[in-house]
Structure formats: C-alpha cells, structure tokens
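Below: one structure, written as structure tokens.
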Amino acid sequence: MDIDSVGPSLCSSASVSPALTVLLICQGGESPAACLEALARAGAGDATVLCCCPPEREAPIRALGDALLRAGGLAGFRCLPLAPGDDRYAAANRAAGEAGGSFLLLLSPDALLEPDSLPCLSARLAENSNLAGLNPLLLAPEGGTGPRRIRHLGCVADSRGQLHYLYEGLPDGHPLAAQRRAFQLAHEAALLVRREDFLAVGGFRPGLEGLAVPDFCLRLAAARKGVFSTEPSARAVLRDSFDSWKKCGLWNSLLQRGRLNPDLLRADYHSQVQADGLEYGLTPWLAEGPCGLILEAEDGGPDAAWLRWRHAPEPAALLHLLHLLPPERRAQALSLCRELPSSLPRAFAWYRDLAARLEDFGGRENLPWLREEAHSWRMRARRFRHGLLRPGLRALADAGIYACSLDNAPSMYDAWLELRENSLPAAKSLRVERTWPEIAVLMPVWNPEPEFLRAALDSVLAQSYGQWQLCLADDASTRPETPELLRSYAARDKRIRLVIRERNGHISRASNSALALADAPWAAFLDHDDLLAPDALLEVARHAAERPGLRFLYSDEDKIDAAGVRRTPVFKAAFDPDGYCPGHLSAYAVAALREAGGLRPGLEGSQDFDLSLRVTEKLRSEEIAHIPRILYHWRIHAGSTSGSVATKPYVLEATRRALAESAQRRGLDAAVLPAGKNNIFKLELAVPPDLRCSVILLANGPGPLRPGLADCLRGLARRLRLETLWQPLTPSALPAGLPKTWPPRLNGRVLPPAGPHWSTACRTAARAATGDVLLFLSADLLPVGDCRPEQLAALALRPDLPLVGGCVWKGGLLWHAGLYPDVTGLPFPLQRGAAPGLLPSLCWGQLLLTRRVLAVSRHCMAVRRKDFLESGGFDPALGPLAEVDYGLHREEQGRFTLISPWGQWLLPDGAKDEKLTPQARECFLERWGDIVRGHGLRNPQLRAAPDYGWMLDLNGA
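Just so we're aligned, residue 747 is where the sequence shown starts under the numbering used here, counting upward by one.
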C-alpha cells in the first residue's frame, strides 16, 4: 500500500484548518497545563478543544483554556466534566459525538506537541486516503548532552505477535527516523483521525481498558482498509519514560498468558528491519530485533540502561536498570515487572518452544540469520537453561523481584518451576513396596485432538510408578482415528484396557464404562487431553500405602498449553467441606466409587465435582488427604473449561445442581446462589423463625447508632428474634440518648462499661445477653453490598463451628477476610488491601466462598452463646490474637472457624486495630507457633507475602 514517500515537509507556519477538534482527556494526575500551552504553539489557533476532566479540576483548566482563547491560541474551548465511573475512553466517545469538523485529535496530557506540528499532521491525513490515522514522532524530553531520543516511531509485531516500538531510542536525527512507514496500530498520546471514521466504527469499545486503543485501531484499519503512520516532520514530547513498557507489556503479557489471539497482528517487525537494510536476529534470550543498530547512549545513566533492557531484556539488564533508577521510579518499575509477566523470564519450556517456532519462521520468511541463530540456540538449550536462565531467575529472586503475592506476579510460578519444583523431596527416591496399591487411571474419550490424546496416554506410560492399569472408554467417537489410536496403544501394553462404546452416552456414562474395566483398589481420573505429572501415581500409591485408612486423595494442579508451557497453578489447602475445591488430580478408593454409584448422567460438565461431593460427604476427615504436589496439568485449548467456564455454560447449571443436592443430602434447607464469578456459588440458609440473636455493639465512642447499621438491624429483626446490646469499652462510650432513640424492634439495652480490653467486654456482654447466638459487631460498622447478618447467625447454629465471621472493608479496600497461617508461626490477614473488583481472581476465587480460616475479624463474629460462656471466652493475654487462640483451641476438638461471604462490613477510615505487644506475641508463639507453621490452611509451597497474598517459597525455607 502506498502511504506516500519521504519528500519535502508539508509544514507551514499557517494555522490548522478549522475542521479540527482536539479531544483532551484529563483523568490521571498529570496536569494538562503544559499540554494546552504546547497545543497553542503547535498551530491550534483555529481548533476547538473539548477537555474531559473531573469536576474538581474543571475550574483551573477552564481558566487556562479561556486565557488561551483570549490570546488567540485556540478557536474554542469547552470543559466536559467526567461522569462518576467514566473512564477516559467512554469520555472520548461522548466528546466525539459533540465535536464538529472533519478531524479529531485524540490527545493525552502526557504529550506536548512541538511548534507548528498540527498543520503537518492535518495536511498529510487530508491528502492520503489510505491513512486511517496519524501520529507525530514522539520524543523524549530535551536534556543531557546527547541527541534527543525517539520514544515512539511506530508499533510493530514480531513473529509471535508481540508488540514493540520500532527502533525505540533512535536519535531523532538518524536517517531511519525520517522514513514514512505503514503500521497496524497507532499511539493514543496524539492520534489524528477522521471524525466520521471514529463515529462509524463506534469509537472505543467499553470494558477493554488498556486494550481499547489497539482494538479501536484494528477495527478502524479494517473498516477504512487503511494503515497508520507517523509524520516525521510533526513532533511531540512524550513525557512518560515507561510508556513502551506499559503499552507493549500489557499486550505481550496477555498474549503470553493466552488471553489474546496471536494472529491479531501480522508479523511486520522483520520486514521493517529488512527494508532498512539491516539483519534481523536474536539475543541470547530469544528477543527479536535489528542486529548492529546501536539504540542506547554510552553514558551509563538510567536512560541508557532503560534502552539496553528494552532491546535485550534479560535479568542482569533489568537489575542494573532498577539499581540506577531513583526510589520513586524504582518502585513503579518494580510494580510493572510484577504486574506484566512479559517483563520477567519464563520457564524453560517456553523458550524451547519459542526457539522451534523462530527457526520455522526464519525459514518461511527467508531470514537466514534468524533461522541459524534459532537453530544454534536449540543446540545449546541446556547451556542456556543452566548458564543463563536459572542463574538469572535466582538473581531476580535474591533481589526481591518476586517478594509479593503470586496473584500480583504470575511470573513467580515460572521461577518456582525452574528453581524449586525439581528440588522438592522426590517420592521416586523411596523404596516402592510390593504392598503398594495398583492404581486404575480412568479415561473417558470422545473425539479429542490426536496429538492431545497421544500426550495424555504417553503421560501414563511415562509414570515412575509401574503398578497401574489404564482403563479407556471410547464414547462412540465419530473421528475414526480416535478408536484406531486407542487400539494401537492397547496393543502396545497389557496394562491398557479398552472398551469401545456403541452409543454415545456422554462423559459420565463413558467414565462409568472405564470404571467397570478396573479391578485395582484405587482409581484416578484423567481427561483425554490432560497430562499426569511423571510422579503422579507414585505419590498416590505412597500416600495410600502409608495411611491405609484413606479413601480420597487430591493434589495441586496447573494448566498447560499446546506448546507444553505451564501456568496458572492452584496450590490447595487441607480439605475443607465448606470451601471445597479438590479438583484434579482426584484419586478414590474404588470401593468408595462403586458405593457412590459412579458418576451421575445429567451433570455433565461438573460430574467429577458432583462425584467428589457424594463420596466425601460420607467420609471422616482422617479418610481424606491432600498431596501438596502439582500432579495434574489441565490442558488449555478452545472448548476446554480450563480456558473459560463460559466456553461450556452448562457447567454452571451442573455445579449449581450438584451443590443444591449436596445441601439437601446434608439436611440443609438452603438455596444455591452465584457468588460473583464463573463457577463459584454460595449457600443461602433458611433462618429458623424462632432463632434468638443478641447483637452486641462494642463501642469505643458514645454513638449515635449509625443510620446504615440501624437499617441493617431493623432488617435483621424482621427475620429473627433480636435484642441489641450497646457494650461500651470505656466510660466515655456510654451514650446519652441510647437506646431511647433506637427503633423499638431493636429491643435495645445499654450495658455498663466493661473494657478497655475487647476480650473482657465480649465476655461481660455475653453474660448479659439472652440470645441463642451472639453477633459481636463494632458499633461503628456499616453494612455494604449484599450484607446478610442473619446468614451468619444461622450458620453459627452448626455445632461444628465455634466462630463464624464476615469480611471487613476499610477505605474501599479489603481489611479482613480471615486470618491464615504463615511459616513464621503467626497468622496474617489474607489479601488485606485488595480492591473489590479483584476478589474473583485472587487466591483462586477463595475469597468469594464460605471457607475455613484460623480466625475471623473481631469486628464481626457470630458464636453460640452457650459454647462461648462454657469456653470462658477470649483470653485477654493474647491481645489481637485472642480470637485465633479461641479458634485453635476448638480445632483440637475437631471444630473449625468459618468465614461467610454474606457478612460484608465497612469500618470507618480512622478505625485502628489493637497493637500486638511483644508479650502477647511470645505467648502466642509458645502456645501455638508450631501448630500454625504446619497448619493445613497453608500449602507447604506457600508463605505470606509482604502485600498479604500468598507467595511461592523460592528458597526452600
């Protein structure tokens, strides 16, 4: 496509056509003052500016716009206040609808246009119908002794579809910077488009956040049948030095995690480099790019280190950059490292697959240099792994790069795979006894991809434990190669048993057909496209042999893509019948399977979950065990529930039905309701109408009763028999007008002061209460969201639960969702500081579930009054750990503390928790330290992170 060639500059000193409207979106903290002043100097004398900004910033921005109008720098200026909840892209869409003229300039406060740049942009876009949009050349600010450096010349895609800024860091006077080029994407900082094109494609699509601009560009280019370009004679300063990291890093991270289609962008990096007469090659870490083009300064400063890492991303370069950055920038860079997985090294399998793809790409695209380098890398792959990859990952770990939660740094798993997984105690080093059980692997099969089926079968053949039988049931596959492949494997090994079903009965019936072939004492399930870890059956056999009373075993798991790259691990805790999520690998005593009647037809998609519920409901806790090893790799591909539950919507209904019928079997009168995302549900219990509940409001101040809490208690009084007790912690918390001002239905009383210790106040109030259930609440709480305190009271009636609590929020962030054990011997508040929208994706969705914890927040807890008084209540000597001490004492009796998503409460911002004194700390560690360190709520591979999530142990501590 002809996008015009390099020629005389189209710039002139004339102002821009009146057909231009500038959309300036001011949502972040960057002031638009410098941007607006630069815009006036850039030739915007005949342009209208529509500035979208928060209402609180409107006055100073409007004053600046009016001043520029009076000076003749702009033809028009309007402020459009951002609506609550608006993002910048929704604001741009709304502003574009109000704009006039032919052209729109989408402008960010981060971009400072240089003098007379607008006429150049407008003239070129007006003259070339092949252009979908146009950027100025985006440069770093002036400064230092060297030449100015280019921050954005254009976006290109490498062989994997990964995004790069072409020649980032090139001196602005270099001949390559003067070339007019065609690109698939444009930069949002200063993007000129035709208004009619913008409106025709619907502007930016909602909900895409950082992908909104690439999505817009792809749709606009397709509709226009055009390309994007950069005008070298139009220039702007791009103030964000990490811009390429954020933009490319987001795209590339999503691509690496399988969230984007790799075919969205056509590989064009190599063609741009070749057209410039340069070789296209690889770094030792398989980063693609031009060979021999020096793109960083030689001054050894942060800018040079930045460019060195951008073009040759490897651990040593990253650590050098972090070392040179000032503290504030270093903290920002560290966050980007963790949030964007493409910033950090991957596991060896990823590089191995990439090298093979690069060698193939080099052959297809006639890139001999690239092909030879990729081939050479494959020949010395082991040297890379042991000489570069693992030392690099160790250096990053030692520097604290991974010192955060796994949720906030997914690349931590890559480091763990290389540095720790193979150093875990190996079951294969044990002596296998003849008495160890034979294990049947049950595999229902229906029309899988042949390569996935072969891999699944081979993973069984490769087991380090040889006492197995593989029971295959083909469910009347319509692909003829499927039964042929199964027959060929069955002929190879006498341990493989095969039945070909005449009629398709779906996965439950096919699994039962496989079970009918088994005569081993234990059985494990394997889907026809998944993989077993090499020691999977050995671990199952070892645990079954060492604990003969076991009837059900489950392990940790992860996902694996078509290239054999593993990600998204699930590190599980000890069995929790309320939080329940065994998943894969699940192994059963065959007698228990047959006693349960096998898998039930009609629950396809959640048939294994239903089976595990029906089996474990009949088992004692000592008959269930967790194997803390990743023994199962769940295949990611189109149509697999490992990719998305939405791929198979019937899974949701099957899971809901399985839970509802489980509740019925357990004698619970409950409805099953969605808990917020995908395949996660919660039970809504029926509240006994005669339930007597005493709400104890623990008060540090004299009130009054907050209206939101009063409304919540009124609703509670309609559902059960309520009394409300105001328990002052100090004399100053005695109220003046309470409870006379309370609604009569609250049945309120004021108790004498009983503090200042919280533990003492709880015990005193419990003696004065008359309810069957005590609901302790801080008097300054407010209910938020779907807060249903009657559910906590109903749950507290269960005799196996000593305490029940809810989630507490503070300042709009999670404050307390339960205390969990750490290797230090002390508990910690899991995911403190998390934003509400992140809860579905944190800790494998656990925070949305009813689940076991060491302790709940003292600000919100329910307990049976009789049990509380008989136990003596909380021990004041433990301070803020008193509720943990209470729960652990009850665990010795086989009773466990539970947290419920039905309790959602907000603390005022100024609320403070009791400080842990050295004496209380030592007392707790002496009493419970060893128990907490080895507690089953913590997977042995995990420990508490500084940001309150779970982090992987990379040091073997």
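Where is the CB? At the ideal position from N, CA and C, for every residue including glycine.
Three-state secondary structure (DSSP) of residue i
{"i": "R1689", "result": "strand"}
{"i": "L984", "result": "strand"}
{"i": "V1391", "result": "In this prediction, V1391 scores a pLDDT of 44, lower than 50, which makes its location untrustworthy; the coordinate-derived value is nonetheless stated afterwards. Helix, per DSSP."}
{"i": "H1016", "result": "helix"}
{"i": "F1574", "result": "strand"}
{"i": "P1294", "result": "coil"}
{"i": "P1156", "result": "coil"}
{"i": "R1684", "result": "coil"}
{"i": "K971", "result": "coil"}
{"i": "K992", "result": "helix"}
{"i": "L859", "result": "strand"}
{"i": "A1058", "result": "coil"}
{"i": "L1698", "result": "strand"}
{"i": "Y1300", "result": "strand"}
{"i": "S761", "result": "Reliability fails at S761, whose pLDDT of 46 lies under 50, so the model's placement of it is uncertain and the value that follows must be treated cautiously. S761 falls in the coil class under three-state DSSP."}
{"i": "R1243", "result": "strand"}
{"i": "L766", "result": "strand"}
{"i": "P830", "result": "coil"}
{"i": "G948", "result": "coil"}
{"i": "P960", "result": "helix"}
Segment limits, beta strand (DSSP E) that includes residue i
{"i": "V1187", "result": "1185-1191"}
{"i": "N881", "result": "877-885"}
{"i": "Y1026", "result": "1026-1028"}
{"i": "P827", "result": "822-827"}
{"i": "E1034", "result": "1034-1036"}
{"i": "P1647", "result": "1644-1653"}
{"i": "L1218", "result": "1214-1220"}
{"i": "W1096", "result": "That residue, W1096, is in no beta strand (DSSP E); its alpha helix (DSSP H) goes 1094-1110."}
{"i": "S1332", "result": "1332-1335"}
{"i": "Y911", "result": "909-911"}
Residue i and residue j closer than 8 Å at C-beta
{"i": "R894", "j": "E977", "result": "no"}
{"i": "C1458", "j": "C1533", "result": "yes"}
{"i": "L1142", "j": "L1090", "result": "yes"}
{"i": "F929", "j": "C901", "result": "yes"}
{"i": "L1357", "j": "A1342", "result": "yes"}
{"i": "Q1577", "j": "L1588", "result": "yes"}
{"i": "V1397", "j": "G1449", "result": "no"}
{"i": "E1195", "j": "G1138", "result": "no"}
{"i": "A935", "j": "L884", "result": "yes"}
{"i": "L1653", "j": "D1526", "result": "yes"}
{"i": "T1476", "j": "L1443", "result": "no"}
{"i": "E1179", "j": "A1291", "result": "yes"}
{"i": "V983", "j": "L858", "result": "yes"}
Segment limits, alpha helix (DSSP H) that includes residue i
{"i": "V1678", "result": "1664-1679"}
{"i": "T1228", "result": "1227-1238"}
{"i": "L850", "result": "Note, L850: premise wrong, no alpha helix (DSSP H); beta strand (DSSP E) at 849-853."}
{"i": "T1181", "result": "Segment: none, T1181 is in no alpha helix (DSSP H) and carries neither H nor E."}
{"i": "S1254", "result": "1252-1263"}
{"i": "P1196", "result": "1196-1207"}
{"i": "P865", "result": "863-873"}
Contact test: residue i Cβ vs the ligand HEM heavy atom, cutoff 7 Å
{"i": "A903", "result": "No copy of the ligand HEM occurs in the structure displayed, which carries no ligand at all."}
Residue i at chain B interface by Cβ criterion, 8 Å
{"i": "I1677", "result": "As a matter of chain content, chain B is missing from the structure shown, which is built from one protein chain."}
Per DSSP, cross-strand counterpart(s) of residue i
{"i": "W1115", "result": "Paired residues: none, contrary to the question."}
{"i": "W1052", "result": "BP columns for W1052 are empty, so no partner."}
{"i": "F929", "result": "F974"}
{"i": "F1271", "result": "L1188"}
{"i": "I1040", "result": "Answer is none; I1040 lacks a bridge partner."}
{"i": "R1313", "result": "K1305"}
{"i": "C797", "result": "L770, C825"}
Identify every run of the beta strand (DSSP E) within the segment 1421-1487, keeping only runs that are complete inside it and at least 3 residues long; order them along the chain.
1427-1431, 1438-1445, 1467-1474
Going residue by residue through the segment 1549-1621, where are the continuous alpha helix (DSSP H) segments of at least 4 residues, counting only ones entirely within it?
1611-1617
Whole alpha helix (DSSP H) elements within the segment 1351-1413, 4-residue minimum:
1353-1362, 1396-1411
Contained beta strand (DSSP E) runs [length at least 3] in the segment 1497-1537, N- to C-terminal order:
1519-1524
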